[in-house]
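Please read the structure below before turning to the comments.
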Amino acid sequence: MIRLLLLLVLNIATFGQSAYYRLGYGDVFPTVGAFESSVGEGVVAWQDTTRFSNSNPAALPGLKQVYFGGSLGSKFKSVSANVTNTTRLDQVGIAFPVGAKAGLSLGVGAITDLETIYEFILAAGTLQEDTQGGIWDYQLGLGYGITPTLSLGLKFHLLQGAIRRQTTFRSDDINELYVIKGNISGKSLELGLLTQLGDNVTLGLTAKYPYRRPTLDGRDSLAGTETYIEIDEELKAWPTTYKLGLVYHRSKHTKFVVGIEQQLFSETGFDESRIFTLPQGWQTMPVASLQVSMVRLAADPISRSWFKRVGWQTGLSVKNYYLASSADQLISEMALISGLNLGLRNGRSIFDISGEFGTRSGEESLPEELFARIKFGIQVNDTWFRKVKRR
């Protein structure tokens, strides 16, 4: 019954929230850090002594300090003059050196947002749907420096989440409530590489493979009764992700960053799905994205003048969505990415603010969607457990 209603709705409904989220999972594996959001996927090649990026485990070797940081994100979406907002803690993590050539990181971040609210007016009645949930990524990373110019890294990802979808169908003589509720778990491995190409170029590469795709374990039930169906469903359309980044060190304070990302989805991942059902003719598509950005580092991180302690970055992001109604009509996304950062005079803390403003369109049956992401982040750096000289 639920599957039949969803198939009907997906073909004729007017969307009250993001139509693109309703088709699939939402944003899968977004960049979650404030600094990373304003640079793009090229951040996998980023490495310096004042800032730690959790995007590539191969950047861990050679850390001289303990790095602790987190970010808060707020996302706005506008469809047909209807604006929705989601605000949450996006990421928190810690990284520290292990000897002279290795580093270790621990962290957790939100990677998929499943929150949607809809109301559909059908000829037979009214259908309402309210979904809450998401997936979090718990990470353990280790990196080792093979040579002064080459390092490798490995990161283990434990995916944990939950979903509750409430569907209400009302007509003159029917008032039924269906509830899908369950927990989501999965595992993936990420390999990373970071190397220097000459004096001015850094190259970074990561490959993330879900060796155990997220699985939903729960119940599909009719509220108020003992009628239910046990769910044990693998999210087969979960992607394998590759990222390539280049950083060109134009000068001490000016960097140019280029990033490429490729997400590969199973073509039949939604075919047997109970909670994610695509309309007839829709299919998953490989996602290709490109980001080009410029980073201007602070002139003097410990200056008395706050103006000299401010850095900034800006760039452009282009990608396609991972769902399409036909192979020759991709849903495109374009966004302006930018950010500011301010360092404290002690050189141990950095405050970040980033913004991403873009549009998603290309499929005539779906409305154009405008979106904005604003993120705030803080990173605290210090050398812990130092021996104190006593007189």
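At position 94 of the sequence shown the residue is numbered 148 (my numbering), and the sequence of numbers has no breaks. Ideal placement from N, C-alpha and C gives every residue a C-beta, glycine not left out.
>> Let me check understanding here. Comparing Cα to Cα, which of 229, 265, 263, 302 lies closest to residue 252?
In response: In terms of Cα proximity to residue 252, the closest of 229, 265, 263, 302 is 302.
> Do residue 127 and residue 429 have their CB atoms nearer than 8 Å?
Replying inline: Their beta carbons are under 8 Å apart, which means residue 127 touches residue 429 by this criterion.
> Roughly how many angstroms lie between the CA atoms of residue 290 and residue 322, to the nearest whole one?
Replying inline: If I take the Cα positions, the gap works out to 8 Å.
> Is it a yes or a no for the segment 82-91 touching the segment 136-151, going by three-plus beta-carbon pairs under 8 Å?
Replying inline: Contact holds: three or more Cβ-Cβ distances are below 8 Å.
> Mapping DSSP to helix, strand and coil, what is residue 392?
Replying inline: Residue 392 carries a strand assignment under DSSP once its states are collapsed to helix, strand and coil.
> Are residue 258 and residue 248 touching if we call contact CB-CB under 8 Å?
Replying inline: For residue 258 and residue 248, yes; Cβs fall inside 8 Å.
> Should residue 140 and residue 167 be called a contact, given that it needs their Cβ atoms to be closer than 8 Å?
Replying inline: Yes, the pair counts as a contact, with Cβ atoms nearer than the cut-off.
> Rounded C-beta distance between residue 189 and residue 207? I'm assuming under 8 Å.
Replying inline: No, residue 189 and residue 207 are not in contact; Cβ-Cβ is about 23 Å, not under 8 Å.
> With DSSP run on the structure shown, which of helix, strand or coil describes residue 98?
Replying inline: DSSP places residue 98 in helix when its eight states are reduced to three.
> Cβ atoms of residue 109 and residue 97: under 8 Å apart, would you say?
Replying inline: Result yes, Cβ atoms of residue 97 and residue 109 sit closer than 8 Å.
>> Restricting to runs no shorter than 3 residues, where is the beta strand (DSSP E) found entirely within the segment 190-250?
In response: Taking only runs of at least 3 residues, the beta strand (DSSP E) segments lying wholly in the segment 190-250 are 204-224.
> So what's residue 91 in DSSP terms, helix, strand or just coil?
Replying inline: Collapsing the DSSP output to three states places residue 91 in a helix.
> Quick check: the segment 324-338 against the segment 355-366, are there 3 or more CB pairs under 8 Å?
Replying inline: Pairwise C-beta distances place the segment 324-338 out of contact with the segment 355-366, as fewer than three of them are shorter than 8 Å.
>> What does the Cβ neighbour count give for residue 380, buried or exposed, with the cut at 16 atoms within 10 Å?
In response: A residue is called buried once 16 or more other Cβ atoms fall within 10 Å of its Cβ, and residue 380, having fewer, is exposed.
> Name the DSSP beta bridge partners of residue 387, please?
Replying inline: Residue 387 is bridged to 373, 414.
> Do residue 313 and residue 363 have their C-beta atoms within less than 8 Å of each other?
Replying inline: Cβ atoms of residue 313 and residue 363: not closer than 8 Å.
> Can you tell me where the beta strand (DSSP E) with residue 261 in it begins and where it stops?
Replying inline: Annotation for residue 261: the continuous beta strand (DSSP E) segment containing it runs 255-276.
>> Considering Cα atoms alone, identify which of 404, 420, 295 is closest to residue 436.
In response: Comparing Cα positions, the closest option is 404.
> Looking at the structure shown, is residue 149 part of a helix, part of a strand, or coil, going by DSSP?
Replying inline: DSSP, reduced to helix, strand and coil, places residue 149 within a strand of the structure shown.
> Going along the chain, which unbroken runs of the beta strand (DSSP E) with 3 or more residues stay wholly within the segment 304-360?
Replying inline: Runs of the beta strand (DSSP E) inside the segment 304-360: 308-318, 341-350.
>> Tell me the DSSP secondary structure of residue 429 in three-state form.
In response: The DSSP-derived three-state label of residue 429 is strand.
>> So that I know if they touch, is there some Cβ in chain B lying closer than 8 Å to that of residue 81?
In response: Considering every chain present, this structure includes no chain B. It has just one protein chain.
> Is residue 74 helix, strand or coil when you go by DSSP?
Replying inline: Residue 74: helix per DSSP, three-state reduction.
>> Please classify residue 55 as buried or exposed, where buried requires at least 16 neighbouring CB atoms within 10 angstroms.
In response: At residue 55, the pLDDT of 35 sits below 50, so the modelled position is not reliable; the number obtained from the coordinates is stated separately. Exposed is the label assigned to residue 55, since fewer than 16 other Cβ atoms lie within 10 Å of its Cβ.
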